[in-house]
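Heads up: the protein sequence lines correspond to chains A and B, in order. According to the numbering used here, the first sequence is numbered sequentially starting from 1. According to the numbering used here, the second sequence is numbered sequentially starting from 120.
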Amino acid sequence: MKSKTIIFTTIIFFIFSASSLAWIEKKQSNENTGKNWWVLYFAEPKSDKLNFIIENHSDENNFHWEILSNKKKIQEGEAEIKKGSALQLNPDLALASENKKITILVISKDEKKEIYKNL
Amino acid sequence: MLNFIFNQILFYTSIAVILFIPGYFLLLAIFGKSKILSALEKFTLSFGLSIIAVDIILILLDKFKLSINANSILFSLIAFIILCYAVFLLQKEKQAENSSNSNYSKKQTSLIILIIFFSILIRAFFLSHTIAPTGTDLGHHMYWTKKIIETGKIPAYEKIEIIQKDNAYSISQPATIDDFIIGEHLVFASIGLISKNNVVSAFPSIILFLINIMGMFSLFILAEKLFSSLPYGKNISITVLFFVGALFALSGSQGNFVSGGVIGNLLGNLLIPLIFYFFFRAISEKNSAFFSLGIFTSFGLAYTHHLSTFIFASSLLSVLFFILLFRGKEFFSEIKKWLVLIFSPRVLTIIFLGVIFFFFVRMPSYIENQAVKTIVGEPSRSTKAGLSLAQIFSTVGESRATLGTIGIILLLVFFKKNKYHSALILGWFFSIFIMSWKPTLLHIDIPSSRIGNYLIFPLILAGAFAINWIFFDYLYAQKEDRYYLNKNWKLSAFLILMLYISTGGFMSEAQSINPKKSNSDFIETFAVSKYLSQKTNYEDIILKDHNYVLADSWMKVFLMRDYNYPFTRSFLFRYDAPTHEQCTLWMISQPKSSEAKECFAETGINFVVVNPYYDSSQFSNSKEFWKIYSSNLIGTYYKPKK
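As structure tokens, this is what we get:
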């Protein structure tokens, strides 16, 4: 009987702690819960297209974006993206010309990220 | 929330179905309803035997070209259970009725429960900081687990590599890997398939957590049997539980190995004490059923972890040596008794089935690939040339090593006459000690620190014995009501010694817990992995950095293209080895160099994933790369074809 008590309490302790760990991991693995980060990437990384996506997992919702051709600003805009959402922007391809480095610069509060293609 | 609760219910049901029920029915088939095993022994043994039974069943499914999926696993487990139950109903032979000596007093039971509570609590607290799937080794193992889940087959353990031939680099055809053994992955795949849990979740670490807890019990029940002849035997086993469970919950091969995903060692630490338990009971109780289970579990270990198998085999030989040493001429009469056990129908059946399985169903991959040769010979690196005594003490924990050493000396000097328990602990300890201290003596070529970790269990047994012998035997006079040492002095000395051990144990645990460790940075690695799995195909070759990208080994689990995909810039010191390829280093550290350009051209690598804080300027300054992905901790570059 005492042996069974030991087994029973072990099972209870284990299930309680393992479930708590699973819950903690679930929260840690959620891209938004308690996180403050955002990401910028090209929708079509291997082509010449400049479509880009801002994916927001931060508390900041306002983003300013600029398109630079060899460091010269050729287009800019504002975007409001809620936490947990993503926005795709499709710049005019005509802006891009050959032998130019086209940079997408995105600024949110004090944070700046850029991606580019050397066309 | 409801989804989470449902998922948890399914998960724990899967654990019961996979990790307890098959072993329970196997024990029922062998021992029937006899009281030869206590409930706690049945609970612990069911777990170890289930792991082996499930491995064998899944290997057989694969051998007969049946897909490994939730249905096939459940049906075959039901068939196995029915078979065991039929054997139970049919067996007419009466089992030995020795009642297991596991009745603890109320106080002892409360103490055991308290120790278990702290054992689980300390591990859970530590794991709460590391439960996210980020461990490098765990990432490697989960690739193979997911491969089984996705394909329904036992995988061929192979990988592609960047190779250099005639001054030109290329990607090799898949070549065999010796480091992985199927037994490390089948249990995880089974639980993943039945519980529908993704391998990129807490579930693998929780299973390892359970294996670690059950490993603790396996040492506990072994200690119960080893010291059952001593009047303070139960105190020794409770001390063992305290040492292995609460006091050294994290250091060495315990909590740290759970979070790191060191599956093989954890399974080894579960199965080795169980095998010793079976053989000890077989020989001391002249019971062939235990002998057959010892053979069965040893066989299972061979399909689970090569290093543990090697350690166990060496320890067993060493134990035999100590029995020979202690028993002298009587050793050969002992052998005769053992032969009676070996030539019993049960044992012969298990050996026969094992041989059939080994030669006609599946060999352990390290034997099939003749990888055993790679661990025999002169140490090939300084890390394999042996540990100093100070390093051994550091590996196993200073206080544990001190107390364990006292126990070893006591057993060696005073307990030679004792039948088997001294020989078992001494043999187990000395074989591992020599392998980690002077591997050249035995011609083995394995990292010494990895072997050193196996010293922990025999040292815990010896240490628990020492502390109890000193305070419950030696300092207690044979005459009633009289102590060699005043009772208060004795109590004080006991408390001081426990304080010393506890301080050492808890200090090492405190060092293992790092609450400041970031819990969320791995999210960015997983995000880029999902992005690359969508935007790239088999023609694209990715290179990533292991030095500064967190949880990078998990990228392969998202991409599932090869074990070695994405290719990796390894730890920088590894490139000092003259035989190590340099391409992966050049392509990230100096991508504009002529060597790197050749590497990119010859290997076809066109995506590079790095941490922008450490590796971005070399790519930004090059017109050959596009930066296509940018987050705080991840920068990804694409190299378009010209």
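Ideal Cβ placement from N, Cα and C applies to all residues, glycine included. No experiment lies behind these values; they were computed from the predicted model shown.
- Task: Look at residue 757 of chain B and residue 738 of chain B and say whether their C-beta atoms are less than 8 Å apart.
- Result: Residue mapping note: residue 757 of chain B aligns to position 638 of the second sequence, counting from 1. Residue mapping note: residue 738 of chain B aligns to position 619 of the second sequence, counting from 1. Not in contact: residue 757 of chain B and residue 738 of chain B (Cβ atoms no closer than 8 Å).
- Query: Who does residue 139 of chain A pair with in a DSSP beta bridge?
  - Reply: Past the boundaries of the shown model lies residue 139 of chain A; chain A is included only from 1 to 119, so the question cannot be answered.
- Query: For residue 181 of chain B versus residue 124 of chain B, is the C-beta distance shorter than 8 Å?
  - Reply: Indexing the second sequence from 1 puts residue 181 of chain B at position 62. Indexing the second sequence from 1 puts residue 124 of chain B at position 5. Result no, Cβ atoms of residue 181 of chain B and residue 124 of chain B do not sit closer than 8 Å.
- Please decide whether residue 235 of chain B counts as near chain A, where near means a Cβ-Cβ distance under 8 Å. The residue labelled residue 235 of chain B in the question sits at position 116 within the second sequence. Yes, its Cβ sits closer than 8 Å to a Cβ of chain A.
- Do we get a CB-CB distance below 8 Å when we pair residue 646 of chain B with the residues of chain A? Within the second sequence, residue 646 of chain B is the residue found at index 527, counting from 1. Yes - at least one Cβ of chain A is within 8 Å of the one on residue 646 of chain B.
- Message: According to DSSP, simplified to helix, strand and coil, what is residue 713 of chain B?
- Response: For the purposes of this step, residue 713 of chain B is taken as the residue at position 594 of the second sequence. DSSP places residue 713 of chain B within a helical segment (H, G or I) once states are collapsed to three.
- Query: Going by Cα to Cα distance, which pick from B/351, B/570 and B/127 is closest to residue 325 of chain B?
  - Reply: Translated into positions along the second sequence, residue 325 of chain B becomes position 206. When each option's Cα is compared against that of residue 325 of chain B, the closest is B/127.
- Message: Going by beta-carbon coordinates alone, are residue 530 of chain B and residue 545 of chain B separated by less than 8 Å?
- Response: Here residue 530 of chain B is taken as the residue at index 411 of the second sequence, counted from 1. Here residue 545 of chain B is taken as the residue at index 426 of the second sequence, counted from 1. Yes; because the gap between Cβ atoms is below 8 Å, this pair is in contact.
- Does the beta carbon of residue 667 of chain B sit closer than 8 Å to a beta carbon anywhere in chain A? Here residue 667 of chain B refers to the residue found at position 548 of the second sequence. Residue 667 of chain B does not count as touching chain A.
- Can you tell me which of the three DSSP states residue 75 of chain A falls into? The residue labelled residue 75 of chain A in the question sits at position 75 within the first sequence. Note: residue 75 of chain A maps to strand in three-state DSSP.
- Message: So for residue 189 of chain B, helix, strand or coil by DSSP?
- Response: Taking the second sequence and counting its residues from 1, one reaches residue 189 of chain B at position 70. Of the three classes helix, strand and coil, the one that applies to residue 189 of chain B here is helix, per DSSP.
- Query: From what residue to what residue does the beta strand (DSSP E) around residue 396 of chain B run?
  - Reply: Indexing the second sequence from 1 puts residue 396 of chain B at position 277. Taken as a continuous stretch (DSSP letters only), residue 396 of chain B belongs to no beta strand (DSSP E), being part of the alpha helix (DSSP H) at 382 to 404.
- Task: Indicate whether at least one CB of chain B lies closer than 8 Å to the CB of residue 86 of chain A.
- Result: In the first sequence, the residue the question calls residue 86 of chain A occupies position 86. Not an interface residue.
- Which of helix, strand or coil DSSP assigns to residue 119 of chain A: What you label residue 119 of chain A is simply residue 119 of the first sequence in a count that begins at 1. Correct three-state label for residue 119 of chain A: coil.
- Message: For a cutoff of 8 Å on Cβ pairs, would you count residue 13 of chain A as touching chain B?
- Response: Walking along the first sequence from the start, residue 13 of chain A turns up at place 13. True, the Cβ-Cβ gap to chain B drops below 8 Å.
- Name the DSSP bridge partner or partners of residue 754 of chain B? Within the second sequence, the letter at position 635 stands for residue 754 of chain B. Looking at the DSSP assignment, residue 754 of chain B forms a beta bridge with B/729 and B/749.
- residue 359 of chain B: which of B/667, B/620 and B/705 sits nearest, CA to CA? As a first step, residue 359 of chain B must be located in the second sequence, where it is residue number 240. In terms of CA proximity to residue 359 of chain B, B/620 leads the group B/667, B/620 and B/705.
- Query: Does any C-beta atom of chain A lie closer than 8 Å to the C-beta of residue 343 of chain B?
  - Reply: For the purposes of this step, residue 343 of chain B is taken as the residue at position 224 of the second sequence. No, residue 343 of chain B lies away from the interface with chain A (no Cβ there is under 8 Å from its Cβ).
- What number of angstroms, rounded off, separates the C-alpha of residue 102 of chain A from the C-alpha of residue 486 of chain B? Stepping through the first sequence from its first residue, residue 102 of chain A is reached at position 102. Stepping through the second sequence from its first residue, residue 486 of chain B is reached at position 367. Each residue's alpha carbon lies about 56 Å from the other.
- Task: Identify, in the order they occur along the chain, each residue of the same chain with its Cβ nearer than 6 Å to the Cβ of residue 428 of chain B, setting aside the five sequence neighbours on each side.
- Result: For the purposes of this step, residue 428 of chain B is taken as residue 309 along the second sequence, with counting starting at 1. Excluding positions up to five away in sequence, the list reads 420 and 421.
- Message: Against chain B, with Cβ distances strictly below 8 Å, would residue 18 of chain A count as a contact?
- Response: In the first sequence, the residue the question calls residue 18 of chain A occupies position 18. Taking Cβ atoms only, chain B reaches closer than 8 Å to residue 18 of chain A, which makes this a yes.
- Compare the Cα-Cα distances from residue 296 of chain B to each of B/260, B/148 and B/131 and report the closest residue. Against the second sequence, residue 296 of chain B aligns to sequence position 177. Of the listed residues, the one whose Cα sits closest to residue 296 of chain B is B/260.
- Query: How big is the Cα-Cα spacing for residue 615 of chain B and residue 520 of chain B?
  - Reply: As a first step, residue 615 of chain B is located in the second sequence; it is residue number 496 there, counting from the start. As a first step, residue 520 of chain B is located in the second sequence; it is residue number 401 there, counting from the start. Residue 615 of chain B and residue 520 of chain B have their C-alpha atoms spaced approximately 17 Å apart.
- Contacting residues, own chain, Cβ-Cβ under 7 Å from residue 339 of chain B (five flanking each side not counted): As a first step, residue 339 of chain B must be located in the second sequence, where it is residue number 220. Within the same chain, residue 339 of chain B has close Cβ partners 356, 359 and 360.
- Which ranges does the alpha helix (DSSP H) cover as unbroken runs of at least 4 residues, wholly within the segment 274 to 335 of chain B, from first to last along the chain? The segment 274 to 335 of chain B contains these whole alpha helix (DSSP H) runs: 305 to 314.
- Task: Have a look at residue 70 of chain A and residue 698 of chain B and give me their C-alpha separation to the nearest angstrom.
- Result: As a working mapping, residue 70 of chain A is identified with position 70 in the first sequence. As a working mapping, residue 698 of chain B is identified with position 579 in the second sequence. Pairing residue 70 of chain A with residue 698 of chain B, the inter-Cα distance amounts to about 43 Å.
- Query: Nearest-angstrom Cα distance between residue 141 of chain B and residue 457 of chain B?
  - Reply: Residue 141 of chain B sits at position 22 when you count from the first residue of the second sequence. Residue 457 of chain B sits at position 338 when you count from the first residue of the second sequence. Distance between the alpha carbons of residue 141 of chain B and residue 457 of chain B is about 28 Å.
- Message: Below 8 Å, how does it come out for the segment 5 to 16 of chain A and the segment 32 to 46 of chain A: are there three or more Cβ pairs, yes or no?
- Response: Contact fails: fewer than three Cβ-Cβ distances are below 8 Å.
- Query: For residue 108 of chain A, which of A/63, A/48, A/119 and A/57 has the nearest alpha-carbon?
  - Reply: Numbered from its first residue, the first sequence carries residue 108 of chain A at position 108. The option with the nearest alpha carbon to residue 108 of chain A is A/63.
- Query: With 16 other CB atoms within 10 Å as the buried threshold, where does residue 332 of chain B fall?
  - Reply: In the second sequence, residue 332 of chain B corresponds to position 213, counting from 1. Under this definition residue 332 of chain B is a buried residue.
- Message: With a threshold of 8 Å between beta carbons, is residue 123 of chain B in contact with chain A?
- Response: Residue numbering aside, residue 123 of chain B sits at position 4 when the second sequence is read from its first letter. Output row for residue 123 of chain B: interface = yes.
- Task: Leaving aside the five residues before and after residue 418 of chain B along the sequence, list all residues of the same chain whose C-beta is less than 6 Å from its C-beta, in chain order.
- Result: As a working note, residue 418 of chain B is residue 299 in the second sequence. So the list reads 473, once near-sequence residues are dropped.
- Amino acids of chain E, ordered along the chain, whose beta-carbon sits closer than 8 Å to that of residue 749 of chain B: Among the protein chains of the structure shown, namely A and B, there is no chain E.
- is_contact[residue 45 of chain A, chain B] using C-beta, thresh 8 Å: Sequence index remark: in the first sequence, residue 45 of chain A carries index 45 (1-based). Residue contact with chain B for residue 45 of chain A: present (Cβ-Cβ distance below 8 Å to some residue of chain B).
- Within its chain, find whatever has a CB closer than 8 Å to the CB of residue 54 of chain A; leave out the 5 residues flanking it on each side and keep chain order. As a working note, residue 54 of chain A is residue 54 in the first sequence. If the five residues before and after residue 54 of chain A are omitted, its C-beta is found closer than 8 Å to the C-beta atoms of 38, 39, 40, 63, 65, 79, 81, 86, 87, 89 and 106, all from its own chain and listed in chain order.
- Considering only residues of the same chain and omitting the five flanking positions on each side of residue 139 of chain B, which have a CB-CB separation below 7 Å? Taking the first residue of the second sequence as 1, we reach residue 139 of chain B at position 20. Around residue 139 of chain B: 165, 166 and 169.
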